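Student: Encoded as structure tokens, here's the structure I'll be asking about.
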Amino acid sequence: MAKSKKSTAKQEIPKEKLLHMYKLMCDIRNFDEKVNYMVKRGQVPGMTHFSVGEEAANVGAIAALSKGDLITSNHRGHGQAIAMEIGLNEMMAEIMGKATGTCKGKGGSMHIADLDKGNLGANGIVGGGMGMAIGAALTQQMKKTGKIVMCCFGDGAVNEGTFHETMNMASVWKLPVIFYSINNFYGISTPISSVINVDYNYQRACAYGIPGHFIEDGNDLPAVYDKFVELVDYVRSGNGPVLVESLTYRWHGHSTSDPGKYRTKQEVDEWKKKDPIVKYKNYLIENNQATEEELDEIDRKSMEAIEESVKFAMESPEPTLESAFEDIFAD
Amino acid sequence: MAKSKKSTAKQEIPKEKLLHMYKLMCDIRNFDEKVNYMVKRGQVPGMTHFSVGEEAANVGAIAALSKGDLITSNHRGHGQAIAMEIGLNEMMAEIMGKATGTCKGKGGSMHIADLDKGNLGANGIVGGGMGMAIGAALTQQMKKTGKIVMCCFGDGAVNEGTFHETMNMASVWKLPVIFYSINNFYGISTPISSVINVDYNYQRACAYGIPGHFIEDGNDLPAVYDKFVELVDYVRSGNGPVLVESLTYRWHGHSTSDPGKYRTKQEVDEWKKKDPIVKYKNYLIENNQATEEELDEIDRKSMEAIEESVKFAMESPEPTLESAFEDIFAD
Amino acid sequence: MENETKVMSVRDAIILAMSEEMRRDENVFLMGEDVGIFGGDFGTSVGMLQEFGKERVRDTPISENAISGCAIGAAMTGLRPIVDVTFMDFIVYMMDNIVNQAAKTRYMFGGKGQVPVVFRCAAGSGVGAAAQHSQSLEAWFTHIPGLKVVAPGTPADVKGILKSAIRDNNTVIFLEYKAQFNMKGEVPLDPEFTIPLGKAELKREGKDVTVVTYGRMLERVLQAADQVREAEGVSVEVVDLRTLMPLDKEAILNSVKKTGRVLLVNDAHKTGGFIGEIAATIAESDAFDYLDGRILRLAAEDVPVPYNAKLEAAMLPSVERIKKYILKLVNKR
Amino acid sequence: MENETKVMSVRDAIILAMSEEMRRDENVFLMGEDVGIFGGDFGTSVGMLQEFGKERVRDTPISENAISGCAIGAAMTGLRPIVDVTFMDFIVYMMDNIVNQAAKTRYMFGGKGQVPVVFRCAAGSGVGAAAQHSQSLEAWFTHIPGLKVVAPGTPADVKGILKSAIRDNNTVIFLEYKAQFNMKGEVPLDPEFTIPLGKAELKREGKDVTVVTYGRMLERVLQAADQVREAEGVSVEVVDLRTLMPLDKEAILNSVKKTGRVLLVNDAHKTGGFIGEIAATIAESDAFDYLDGRILRLAAEDVPVPYNAKLEAAMLPSVERIKKYILKLVNKR
Ligand SMILES: Cc1ncc(C[n+]2csc(CCOP(=O)(O)OP(=O)(O)O)c2C)c(N)n1
Ligand SMILES: Cc1ncc(C[n+]2csc(CCOP(=O)(O)OP(=O)(O)O)c2C)c(N)n1
Ligand SMILES: [Mg+2]
Ligand SMILES: [Mg+2]
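Residue numbers (our numbering), protein chains in the order written: chain A, 414 to 744; chain B, 414 to 744; chain C, 1300 to 1632; chain D, 1300 to 1632.
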């Protein structure tokens, strides 16, 4: 289990970036709490999975990427999408199934994508993004773009065969891809410790002759960011893929409906005490990077933006029936 | 690459068993050379894959099993079938597509099976037997039979997702199964070294927290047998699965037609010098377990049995057209 | 108990059927992702861990290939696994084990061995889960010799067919519908109540039009049939297949010969769906000679299932549309 | 070059089509097991490694899931992979990537992105490789919105259709037949020769009977058509689909309306096969009203493909049986 440690940042990060990461964490938190609120009121039509509690693990990793780099994501993709700077209005509209949504209301929470910004999409199939990730990495390699790909998935996803096949192919072809296992200790109700026979997922790197990295406190944004800066550099330099794992926790149930019997209230509460946003906030204040007021203002603006997105979504039209018959084939 | 070393046997093996293993090796060699001969003359209707050169790797492993233990096998399954003491007449008849064949002429070389003798079948799908193997092991575990399962596959098969999923499930559930990778250096034309990023397949055991074992000279029957006696004991004692790999070589092409451009004549010739049968013969003679005459007599009888099987097969009837419509469903 | 019934949901009928069979035969067990303490993604194993323990209500890694392969190997060696596939869409990762192994093993081995596994698949749309969580893929399996495929449409049929599937010595693909787990109906409590595979049932007798359907669409077809009978006096015969493979051709053809008009309805994509096979079966049979009009089909539209709830719903045959097609057949509209 | 042709095998037509497209567009490349020095399991890439190098004629691990996934990801980001699936039976391990990802991505993303991959599948029986190496599984893919499916039946069509498939911006399942790699015919040498997807061709014009077919069975259908015309004076119209999805319904229906009699022939298992969809399409259309008799089907038997060569051959429609069915339709027998 991750021990709460004091945050550390090896990199010199400009203040603007430090605060922007804080903003993104607030956006994720506020966005998902808002969606959760609406789900409970039946205002969201479909299945959603929340990133609340996992903000640092998402933002810290993605902040280390450069423009033009790509990610693939999974069912729990809100955090990654927001970290990739997706339009919040369109994303909220998508989750509400509106015509103005990222996917015109046809994809929903599990299929948020923004190809222009490098997000090759959330994915409803556990492991479904892994093949895409190595393929996108092959394109970068063959076209010598200097760009890299980050493939995000959970802890439980490492037991899919596609994990093995894609890790192997990437390692043999030295593809520029970071395999990132965001370990929140459970795949739905199933503890990861009950479905692997090693201690941690990152240890599986040994089977592919590539480095495995561990971020023990995935709620510590500077720690996550530092590690990813190192890994991005390693991968971009043509050394082939890496596997990295961070420990974090999801505060909410697996999905919109989840009785949650598989974990104790005590466990959840303990993790809430390790709130990644509070942790980062303290870090910024302690290191004189920002005042509490500044940070609260960022949070307030974030809330406003989320409320704005809801308004946008609410006022947006439903997709037309005809639109259901469009977009199947490319010309 | 395996270096030719002097054979060793840690176990005290009764002479009868020593000679029986020799017989099985001869049977494999003679059987497959005969089939190859017939293939070249168009007397065999379908696809076949030969075990010639891999006799020690097959016989040494399977000889360590006990009655009631099970195996799953792959497309290159002749050697394993013969080591599991399948009826040679029926097997030859099957390869010739006859009604008296192991599978009534409906399965052919790639589907030789003998459920009564514990051979759950060759398999045309690379990795296809792995799931079956862990399921059969689950039955042994749940029914507490004390029996174990050996899952045989090649070197190239380790890159299938099913390898990963079944290894993992077996390790987590501590299933009594030996995963056995028979490394003949190539998957069709593809060198294993070009499709994995570790030195050897057995090293992948690390990803599942189970022991990985290596038999550097898989052409050395006593070495193979010794290692498997150890592994069978370990697995039967309830310690969960192991992964083991032996190095050997196939003398013939991948399948019935194979231009063979991917390996040099020199390489093939060198391996032929490491003939596992000659090696074992010398071992038996040097250790005063048998005379050359005794061994030649075994070989001669084996040849006779193979000729007999061809006669049996040749004289056997073709399956009836109606039989094609039978055996689809169990009652 | 013998003639007792109880009103229960499809979900509870599934739990009851599995539990009865697990009590009856110690070789039967359930495996799948989150079938244990979670009680199944759709609650279809709630309480079973408590009764049967974790050996027999077996949580697995997220490894559909290993799950299906393990089930098959266990079945070949004497056990009788039930696999909770959860969303049928995930069966993509089980295709080798189901199609190349389970379906063919016995045949390839010349009649030796058997593979008694039931794959329980939550099919269809209706929960706002979009294109990767909403497919009804039965047509993939009806095309493969060696597999049985069933899709019951009422709680009682679900119980009776599931029990027969578990007792069957072959691999059975069992469709249950995520939109209908809460659908209720009378269910016989007799633990020996089973419904034979391969037998369709006339859910309504009629003389003007035959509607052949199965699974999720049965409910709508029955509503449509009752409404057109009431409102328009059209007498509709509803042939509920329940089992797709082996197909009860006789029941279909007899009904078509009687009415001369036929509508086929299911919830899979129209093109290449199983009702196409039924249309072809009729069109090549002697029932063709009795037809008074075209063989009509109503199925899900040929588009990936959209997320938006209204679009999602509009992709399926509605009761209104079924009625319209029935009336079209009798030239009432 | 423009009007030149050359007699070549299907194998060489495939190599030519791929090579021309790889010369034309640097984004096109070939990947699969043993496509390099081995030249492909069926020799369909012999010589290409030498011309294009190992980056673009890319040998892979035995990892069908990674191969298909990699191809899709590469396609989404600007490359145009051709995947040699080798035996179509191995596509079982690619189902998620093809069905849940490639087919749906653009739709789920609201019209963004495209996945131009060609999956070349060696389909059908005929090489004594038994049940796990002999399937024609096109029906799985015609059922999934978002995929194109093609199955040309002559060397020229193979070349023209494969080139169009490579140029198409969608995922295309391309069937080639392991029994027909050596089949020869005239092939246009013009590198700009292509055949549009979605267009059937009347390979014979006729007035008495329509036979709809595609892929491997075209050769036998043509022989049967020519023989019955010669021997019995029956004029058979042969509609060669070439593309199954999108389906050229017009060509089928027009021909049926003209002849009033129709036989459907393919080499997949009969039950649930794609010709069932064609039967249903006819039976629900206005062409139904022109039918003079039942819609007949001839396909592979519903049994796993047996190893024995005689049994294997007997599972397929023969020229004799096709003739018999044609004559049955015109009441000559
Ligand atoms: C192939 C497949 N199998 C099963 C599922 C159902 N499923 C959705 S999320 C999930 C758990 C994933 O766990 P993990 O990878 O740890 O991600 P987390 O939800 O914890 O973020 C499962 C089993 C699926 N969507 N796809
Ligand atoms: C799923 C699948 N993919 C590909 C093939 C084609 N194939 C047959 S044997 C083989 C090579 C297997 O190599 P290896 O595991 O090393 O066994 P070997 O033939 O060397 O004994 C391949 C690729 C197959 N039969 N099944
Ligand atoms: Mg998790
Ligand atoms: Mg090998």
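No residue lacks a Cβ here, since even glycine has one placed at the ideal position from N, Cα and C. Source: prediction; values computed, not measured.
(1) So, are the CB atoms of Gln553(A) and Pro589(A) less than 9 Å apart?
(2) What are the boundary residues of the alpha helix (DSSP H) that includes Cys1369(C)?
(3) List, in order along the chain, the chain D residues whose C-beta lies closer than 7 Å to that of Gly559(B)?
(4) Do His1568(C) and Gly537(A) count as a contact pair if the criterion is CB distance below 9 Å?
(5) Can you tell me whether DSSP reads Asn1565(D) as helix, strand or coil?
(6) For ligand 3, enumerate in chain order all residues having a CB closer than 7 Å to any of its heavy atoms.
(7) From Gly625(A) to Lys436(A), what does the alpha carbon distance come to, in whole angstroms?
(8) Any idea what DSSP makes of Arg1541(C), helix, strand or coil?
(9) Quick check on Arg1419(C): does DSSP put it in helix, strand or coil?
(10) Going by the CB atoms, is the gap between Ala1401(C) and Gly459(A) shorter than 9 Å?
(11) Rounding to the nearest angstrom, what Cα-Cα distance links Met1321(C) and Tyr1476(C) in this structure?
(12) Less than 6 Å between C-beta atoms, sequence neighbours within five positions excluded: which residues of the same chain meet that for Ala412(A)?
(13) Is it right to say Ser417(A) is buried, meaning 16 or more other beta carbons lie within 10 angstroms of its own, or is it exposed?
(14) For ligand 5, is there a heavy atom less than 8 Å away from the beta-carbon of Arg663(B)?
(15) Have a look at Phe738(A), Gln456(A), Thr515(A) and Ser668(A) and flag the residue whose alpha-carbon is nearest the alpha-carbon of Lys1411(D).
(16) Are the Cβ atoms of Phe444(A) and Ile495(A) separated by less than 9 Å?
(17) What residues in its chain sit with their C-beta under 7 Å from that of Met716(A), if we drop five residues either side in the sequence?
(18) Hey, how far is the Cα of Val1416(C) from the Cα of Phe1440(D)?
(19) Can you list the alpha helix (DSSP H) stretches of 4 or more residues lying completely in the segment 1317-1370 of chain C, in chain order?
(20) Taking Thr485(B) as part of the beta strand (DSSP E), name the residues at either end of that continuous run.
(21) Considering only C-alpha positions, which residue in the set Thr704(B), Ala470(B), Asp740(B) and Lys557(B) is nearest to Lys687(B)?
(22) If Arg1519(D) sits next to Pro1616(D), beta carbons under 8 Å apart, how far is it from one beta carbon to the other, in whole angstroms?
(23) Closer than 8 Å, Cβ to any Cβ of chain C: which residues of the segment 722-743 of chain B, in chain order?
(24) I want to check one thing, is the minimum distance from the CB of Val539(A) to the heavy atoms of ligand 1 below 8 Å?
(25) Mind listing, in chain order, the continuous alpha helix (DSSP H) runs of no fewer than 4 residues lying wholly within the segment 554-628 of chain A?
(26) Would you tell me roughly how many angstroms separate the C-alpha atoms of Arg1620(D) and Val1391(C), rounded to the nearest one?
(27) 9 Å is my cut-off, CB to CB: does Asn572(B) come that close to chain D?
(28) Going by DSSP in three states, Gly1484(D) sits in which element: helix, strand or coil?
(29) With which residues is Lys1305(C) paired in a DSSP beta bridge?
(30) If I'm right that Thr579(A) touches Gly1368(D) with Cβ under 8 Å, what's the distance once you round it to whole angstroms?
(31) Between which two residues does the beta strand (DSSP E) harbouring Pro635(B) extend?
(32) Near Pro732(A), what residues of its chain come up, given a Cβ to Cβ distance below 6 Å and the 5 sequence neighbours on each side ignored?
(33) Does the beta carbon of Ser1362(D) come closer than 9 Å to any beta carbon on chain B?
(34) Just the Cα atoms here: how many angstroms apart are Thr1359(C) and Gly540(A)?
(35) Name the residues in the segment 595-608 of chain A whose C-beta lies less than 8 Å from a C-beta of chain C; which are they?
(36) Is Ile484(B) near Met497(B), with beta carbons less than 9 Å apart?
Tutor: With the given structure in hand:
(1) In this structure, Pro589(A) lies closer than 9 Å to Gln553(A) by Cβ.
(2) First-last of the alpha helix (DSSP H) with Cys1369(C): Glu1363 to Met1375.
(3) Result: empty, since nearest Cβ-Cβ is about 32 Å, beyond 7 Å.
(4) no
(5) Of the three classes helix, strand and coil, the one that applies to Asn1565(D) here is strand, per DSSP.
(6) Spelled out in chain order, the answer is Gly567(A), Asp568(A), Gly569(A), Asn596(A), Asn597(A), Phe598(A), Tyr599(A), Gly600(A) and Ile605(A).
(7) 30 Å
(8) coil
(9) strand
(10) no
(11) 23 Å
(12) Outside the displayed range of chain A (414 to 744) lies residue 412(A), so it cannot be described from this structure.
(13) Below a pLDDT of 50, predicted positions are generally treated as unreliable, and Ser417(A), at 39, falls in that range; no measurement from the model is reported.
(14) What this structure holds is ligand 1, ligand 2, ligand 3 and ligand 4, not ligand 5.
(15) Cα-wise, what sits closest to Lys1411(D) is Thr515(A).
(16) yes
(17) Counting only Cβ-Cβ distances below 7 Å, and skipping sequence neighbours, we find Asn443.
(18) If I take the Cα positions, the gap works out to 25 Å.
(19) 1347-1355
(20) Leu483 to Thr485
(21) Considering only alpha carbons, the answer is Ala470(B).
(22) 7 Å
(23) Glu739, Asp740, Ile741, Phe742 and Ala743
(24) yes
(25) 574-586
(26) Spanning the alpha carbons of Arg1620(D) and Val1391(C) requires a straight line of approximately 36 Å.
(27) yes
(28) strand
(29) Val1486(C)
(30) Right, the Cβ-Cβ distance comes to about 6 Å (below 8 Å), so this counts as a contact.
(31) That residue, Pro635(B), is in no beta strand (DSSP E); its alpha helix (DSSP H) goes Leu634 to Arg649.
(32) Ala512, Lys517 and Gly518
(33) Output row for Ser1362(D): interface = yes.
(34) Rounded to the nearest whole angstrom, the C-alpha separation of Thr1359(C) and Gly540(A) is 16 Å.
(35) Gly600, Ile601, Ser602, Thr603, Ser607 and Val608
(36) yes
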